[in-house]
Each structure stands twice: as C-alpha cells, then as structure tokens.
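Below is one structure, written out as structure tokens; the observations come after it.
There are 2 protein chains.
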Amino acid sequence: MRGEQPGALGSLRESNREKVVKALQTLGVASRADIARWTGLSRSTVSSIVGDLHDEGLVGDRQDGGREASGSGRPPALIALDPAAGFALGIDFGKRHLAVALADLSHEVLGEQRVEMTDDYEAGEGMLRAAELVDRLLDDLDADRGRVIGVGMGIPGPVHRTGPVGSSAILPGWSGTSPAERMADLLELPVRVGNDANLGALAESTWGAGRGSASVVYLKLATGIGAGIVIAGRLFEGAGGTAGEIGHTTINETGDICRCGNRGCLETYAGAAAIASLLSRSFGEQLDPEDVLSRAAQGDPGCRRALADAGRHIGVAVANLCNLVNPERIVVGGSMGRAGALLLDPLRESVTLRAIPSAGEDVRIVPGELGERAELLGAVALVLQEASLAQGGRTPALQTTETKP
Amino acid sequence: MRGEQPGALGSLRESNREKVVKALQTLGVASRADIARWTGLSRSTVSSIVGDLHDEGLVGDRQDGGREASGSGRPPALIALDPAAGFALGIDFGKRHLAVALADLSHEVLGEQRVEMTDDYEAGEGMLRAAELVDRLLDDLDADRGRVIGVGMGIPGPVHRTGPVGSSAILPGWSGTSPAERMADLLELPVRVGNDANLGALAESTWGAGRGSASVVYLKLATGIGAGIVIAGRLFEGAGGTAGEIGHTTINETGDICRCGNRGCLETYAGAAAIASLLSRSFGEQLDPEDVLSRAAQGDPGCRRALADAGRHIGVAVANLCNLVNPERIVVGGSMGRAGALLLDPLRESVTLRAIPSAGEDVRIVPGELGERAELLGAVALVLQEASLAQGGRTPALQTTETKP
DNA sequence: CGCTTTTCGCCGCGCTTAGGACAAAAGGAT
DNA sequence: ATCCTTTTGTCCTAAGCGCGGCGAAAAGCG
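Protein chains in written order, with the numbering used here: chain A, 1155 to 1559; chain B, 1155 to 1559.
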C-alpha cells in the first residue's frame, strides 16, 4: 500500500471501464444507453469509454439482430464485446487424460480436445503433448494465438504458491519441476496454475451447481479426495496455496498408513482406490473404481455398501469442514461423485449427525453439474476471472511468465 | 451546495479519505508529510483531506510532544485523530465474569471495568449488570455517551447471524434470546455481537501475536475449544456466522458423548473440564482447571501428562484445520493456553506429524499475547473495524443507490 | 548572518465525470 | 406529405479532484 503510484485518477477510469465491460458481458448486445442505465454512469462517460474500447478493438458494432421493435425513437447503435478480442485457454492434466479448451471472453467455450494417456505419464511428455493439443485446437478454430490472454493449468495434487509442485504422489513425475514456467516457455503465454479441486470449485461456482452462493466448497471424490473453497466468488487458497486438502483429514489416529505419511487419512477409507481394493480383496477379483460404480448401479449389494460406507466416512470430514468453514453449499464432483444418492445420502446423514446443528442446517449438499469438464472449465475460469480486459494499459499476451497467482 | 451528487468522484475522494484516516490510526501522531509518504498520495491531496477532517472536528493539532530532534528543517505541524471524536465500547460476557472497556478511535483503551459473577448467571441479569458497568465506566472517564459510535459484545458460544444465540450449552440462559437487540435497547446504542473465539482472533490479529499476518487462526482453549479465523484482516464468519467451531471436530467416531450431541468431539478429550475431571477421577480429589495448570507448573507429572495429551489431541484437529485453511499463523489463547510449552510443544509436534507437509511448514503456532483481555479488546475491535470515520459526515447511508437489473 | 533542510499553503494544469444542448433517426398523428 | 414525439448518440462546458511546482515559514548549522 505504499509508494506505488496507482495514479488515482486512472484508477477511477479503470473502475468505470470495468463496470462497462461487466455490463457488456452481462447484457451481451447492448446500446450505449443500455449500458448507462445498467451501470448508473452518465451517457457521456459510457460513450467515452466505449470509444476507447472501440479504438482498442475490444468492442464491435452489431448491425442489429432482431429486436428493432422497441418503440419509437432513434434506433440504438448496438455494440458487443468482440468475442475474438481475447481468448482464454485451459489445460487439464488428469491422471490418465489430457484436455484443452478455448473460450472467448463472453465465457463461451469454443472448442475442446481430449486425449487419453498412459497411467502416470511423465510431466515433460505431458506438457509437450499439451502444447501440441493447444496448437491443433487453435488451428482448428482458426483462432489468433496473439489474442490468447492467458492459460489456466489444472494439476492434480498440491500446488505450492512458490511454483514447484509439492510431494504429489498422484503424479510423481511432476515433483520438483515448475510446470507453470515450463508451460509458459513452451506456449510463450502467461500461465496460471491451480489444483484440480480448486478449479472444479471455480467452475461449479461460476457455471454449475454453486451458482449464486456466496460460499461454495467443491468436493472432488476420485482416487484422491480434495476440496476447493470459494468465498465471495474468489478462490480461497490459504497462505501457501494448499488450502482444501480434506483428503488427509485424520479419521482414525491408528488407521492405515496413507501415501502422505500420516495414518488413518480419509483417503485410506474413502478414496476410489481404497474402495476398489477393499472390494477386490473381498470379491477375489480385480476391480477398478469404474467397475464398482457400474456394479453398484446394477444393484450389487457389496458395492452399494462400500459406497455408502465411503459416504459416511467422507461425511465425518465434511462435518468437520462445516464446523470450521460453515459454507452455504457443498458441490460433490469427481469420478466417485457420479455414484449419486448411493453415496450422497449417507454423506448427508453423516453430516447432519456430526456437524453442530447450526452449521449442518446452513449447508446444502448437491451433486456437481459439470462432470468431467469441471477441471477444464475451471482452468478457463482461472483466466477469465482475472480477464485483463478491464485494464486498458495493454501488455495482454507478451512472453511475461506471470506464474505468481 | 450546487454539485450535490458528484457520484464517482466522491467515491475516489472517499477512498483517499479512508487511506488518510487509516494512516492516522496507524501512525498515531503524524505530520501531513508523514501521511503523504505513508499513503503514497501527494502532499497537496493530503493537505486538502486533512483540512476537511479538521473542519469536521475529527482531527486536532498536537502541540508536538517530545520528538523535536528529527533533523533540521521546518518542524512539522503534528496532527492526530481527535480521541474525543468517537469512542468504541466493548462488553465481554464470560462464564464467570463480566467486563467492559472503552477505547478511543486511536485504538487506545481508556478504561476497563470487571466484575466476577456467579456460574451460569442469567442472561437478563448479566445484561443489566453490563449496562450498569457501562454507565459507571462512562461516568468515571467523563466520556460523552453521545460520541460512542458502537458497542461490541462478546458471547461464549455460537452466534447465529440471524440474531438469537443457538444451543449454547455454556450459557444456557442465553438460548433463544436476542442479546444484541436487548443490549441495544438497554444502552440505546448500536450493538454488534461476536463469539469469544472470533473476538479473540480479531484482537490478536490487530494488536497481538497475529499482527502483520495475512491469515490468522486464533485458538481459544478453555472449558470449550473454539477458533476464530481472520483472513486479510477480516473476520471470516461463514454463511451462518458459525465458522471456526473446531471444538466439535470428531476425533474418535466411537468416543464419549459430547454436549453437542455428537460423539468423540475434541472437547470431550481436551476441553478444560474434560482434563480436570479426568485428573479428579485419578487423583481422587476434586480439581478444577486452574489447579491443573498450577500443579503442572509446579512439576506434577500427572498434570503435565494430561496437558501434553490434550496438546496432542488438539494437534489432530489443528492439523485438519491446517490442511483445510492453510493459515499463516495460529495464535493459542484461552485459559488453558497459559500452560505454555507444556501444551504447545506436543501440539506443534502433532501438527507437524499429521498435517500434509506443505501446510505444516507454512504455519507458525505461537502463544497469544493478550491473555484474558483478548475477548474484551476484540469486542472493541469489532466496532473500530467498521469505524465509519472514513466516510465523510454527509450522506452516510445515502450513497447506496444501486440500480441493478 | 546566511545557507540548508524540511514542511506547509496556494495556484495552475490535466484528467475525469455529469449534465445540457443539439443533431439524427425512427414511428405516429394530422 | 408534414410535423411532433421519442429515443439515441455526440459535442461542449462546468465542476471536482489529484498532482506538481513555487514560494513562504521555521528551524538547525557553520
């Protein structure tokens, strides 16, 4: 808060610019007068700002479309954000897949590409493949690379703010590298990184089941179990960027050893791998998590029981989370989230039983709406959230590797 | 007089006003040039704003004090927020005591009063006594009641945002009432309520061991165990205002029944009452928490062991909290917090062992600095935090004429 | 006594916004 | 067909605000 010249006047202009851009994002196509009414600014001011935006090529004229019958009077000169003014790129590195997506500034997804990968692929190889995918996607969509304002990158596992990935046991090849920098070098674009649960939280709270809630926790149930916390529309990342690691909540102080080194973590009870291996042992045949889900859907009592138990165990940790964070809504996603009521009902029951009453009553626990696309869309959202359209001062897509969140 | 609604311009002015007030609150006594350097604004702007504040009687001249030897040059005309411009009142309702404090806007505590009460006194009686204490305090200090800008009120137990206290088993007499309204009626002043842990968090993060940290969790260890979470200087209260209830973290799914209705809560293991009753059973004589602390300090091995075990149990819950919230600092207060290293060392050890490494490394766990005054000062801080000195005298609540679609 | 240093008040400049005047472009009424 | 009303967009002016610069004031130091 010191020294740095914000150029106070400029900041006022900038804030009003932001209002106008937001109005255009919300209204889609609008006249200058519409924007003035929506923002509360005067028509003159709006006209001036729209002029700037027009000169910078960020808004374009719309030769009307359909709605010419709005009464008598001079017909409005309709304008809209130029979708081609900027793109946001998202990359999702999954355990067994890789996906990229491109969206324009109006939050419309223009295209996606996805490839399956071998288990635990090398980080370097994954990034090369991702860069290829990005090239192909941009080619296919005929999108100008220079107008990409940023890249969001989803990584499973803890992302420490200082750059290198922590001790992620899910993708061991990623340890010690600084994926953001390498990806930024490869793509020559600014890159922001988020972990899978945080991105899912962002996506569900922006477009999915968390829309409109002030505080949303996204629970990703898969091989690992993670949570992303969104408060007042902003991701809560904690001091070091590792907030939301609910999978390593201690459920039982003398339980099994977890890959994190602790004992009795939630993941050792309710992670997809734990469930599958439990059932494999009992059934005497090798099951993977997908098998568990499909057999449970077909009515297999053992698989149903295993999912219900997992739900109850997760409920213990979620109840603790409700006591601590008291969120308004919890959105459950991830591959195991598809189990639906089989898992969600025992989870809800467990939460009502174990959370203190007022916290338990405040929260609504709902399934996610975005499915497998949650992380990918979240990576896009990470870029759109900071969409620097608002600040006019240029430098949109230079080689500057802004890896700092 | 003629430009009655400058609109956005006013908001800029207001924001700079806020900066100047904040600088004065931080610096205490300062010259205009000091403020300019601190805020980054120009000397002219500061001079103009200080002029406004002076006209409104909010700042006054300080005829120097001591520090005249700061080099050669024209001596600065020192100014300071006029302490008499406004007061903040804090009331702390404890289990066995009642305390009130008065502070001025420069965050200086002008006086305190404290009385002991019988266990579990009636809410109505407590509030009457509090109102009497307030009257006496204002009389003693010769403070003008009309200049009290607000009252902060500390209550042990969950405070639901909608007003009435939830099922607080600590002060059963308070259930169902709306203490804020009753107190506001009694005092004829605006009242804000916070629970004890939240207030402690606010106090320690403003004046105590959490100064300067972006995210602080305050742990109150007493009969109950609670936490207050401060993120970026703001209290995080959750959707319903009950965030931070760490005392009811489930430590053992099949443990003892807790007063909250759940089983195996942290409080049933590490609450002061639980420790004392455990030791009483073993020792065959009635011990209260104070006895445990004093005997442990004198070297009694049983009491030391009990405190260490409590620290370890609390560490389990705190590790979970670190995984979820990833705070920068944890401040330990409350009556049991006085045990010092006896309890803190095992707690730290437990956290390092059980939190995921990156979260465990980020956090520093330190004892509180404010002791018994934490809640009381926090109640004052609750008022000072929202001190509306920043917005100019005119049109305090008229500014909000939002026209959203 | 003069020089340096630091502070403070005042003035003008540039930027921004709000509001009014004015032209433009329709539809409806006569 | 012509005029009036209505809505829109632009231009111009007035006012608010912050910033930089100038000069005066008030010390200490040589």
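For every residue, glycine included, the Cβ atom is placed at its ideal position computed from N, Cα and C.
- Counting only runs that start and end inside the region 1408-1487 of chain B, the beta strand (DSSP E) elements of at least 3 residues fall at 1483-1487.
- Chain order gives the chain B residues near N1480(A) as G1392, A1393, G1394, T1396 and A1397, where near means a beta carbon separation below 7 Å.
- Judged by DSSP in its simplified three-state form, G1354(B) adopts helix.
- If you look at D1215(B), you'll find it in the beta strand (DSSP E) that goes V1213 to D1215.
- Scanning its chain for C-beta atoms nearer than 8 Å, with the 5 sequence neighbours on each side dropped, one finds around I1429(B) the residues P1443, V1446, A1460, L1461, A1464 and M1490, in chain order.
- Close to N1416(B), with beta-carbon spacing below 9 Å, are these residues of chain A in chain order: A1473, L1507, R1508, A1509 and I1510.
- In the pairwise beta carbon analysis, the region 1400-1414 of chain B is classified as not touching the region 1352-1362 of chain B: fewer than three pairs are separated by under 8 Å.
- In the structure shown, T1193(B) falls within a helical segment according to DSSP collapsed to helix, strand and coil.
- Of all residues in the region 1367-1387 of chain B, those with a C-beta nearer than 9 Å to a C-beta of chain A are S1367, A1368, S1369, A1381, I1383 and I1385, reading in chain order.
- Exclusion of the five residues before and after L1432(A) leaves A1460 as the residues of its chain whose Cβ lies within less than 8 Å of its Cβ.
- Put simply, the region 1501-1521 of chain B does not touch the region 1391-1411 of chain B. Fewer than three CB pairs are less than 8 Å apart.
- For H1261(B), the secondary structure class from DSSP, reduced to helix, strand or coil, is coil.
- The C-alpha of V1505(A) lies about 17 Å from the C-alpha of L1478(B).
- By the criterion of at least three beta-carbon pairs nearer than 8 Å, the region 1293-1304 of chain A is not in contact with the region 1270-1277 of chain A.
- When the alpha-carbon of L1531(A) is set against those of H1208(A), R1167(A), L1243(A) and G1366(A), the nearest one is in L1243(A).
- Nearest CB-CB separation between I1468(A) and chain B: not below the 8 Å threshold.
- Note: N1170(B) is not bridge-paired with any residue in the DSSP secondary-structure output.
- Residues of the region 1166-1194 of chain A with a Cβ closer than 7 Å to any Cβ of chain B, in chain order: L1166, N1170, W1192 and G1194.
- Out of G1248(A), D1296(A), A1284(A) and A1187(A), the CA that lies nearest to the CA of F1241(A) is found in D1296(A).
- According to DSSP, residue pairing for R1388(A) in a beta bridge involves I1385(A).
- Contact note: D1516(B) reaches chain A through A1393 and G1394, using a C-beta cutoff of 7 Å and chain order.
- A Cβ-Cβ contact shorter than 8 Å links A1257(B) with V1534(B).
- Contacts with chain B at 8 Å (Cβ-Cβ) do not include I1484(A).
- Here DSSP, grouped into helix, strand and coil, assigns L1343(A) to coil.
- If you look at S1512(A), you'll find it in the alpha helix (DSSP H) that goes P1511 to D1516.
- One finds nothing in chain B with a Cβ atom closer than 8 Å to the Cβ of H1261(A); even the nearest lies about 18 Å away.
- Contacts with chain A at 8 Å (Cβ-Cβ) include A1513(B).
- With at least 16 other beta carbons inside 10 angstroms of its own, D1516(B) counts as buried.
- At a C-beta separation below 8 Å, E1407(B) has these neighbours in chain A: I1405, N1406 and V1470.
- Between P1237(A) and the set S1434(A), C1419(A), H1402(A) and V1263(A), the nearest pair of CA atoms involves V1263(A).
- In chain order, V1254, L1287 and L1291 place their CB closer than 6 Å to the CB of Q1267(B), counting only its own chain and leaving out the 5 sequence neighbours on each side.
- Taking CB atoms only, I1400(A) has a neighbour in chain B less than 8 Å away.
- Note on geometry: alpha-carbon atoms of E1391(A) and R1283(B) lie some 44 Å from one another.
- Take A1473(B), set aside five residues on each side of it, and the residues of its chain with a beta-carbon closer than 6 Å to its own are V1505, R1508 and A1509, in chain order.
- The three-state secondary structure of I1233(A), taken from DSSP, is strand.
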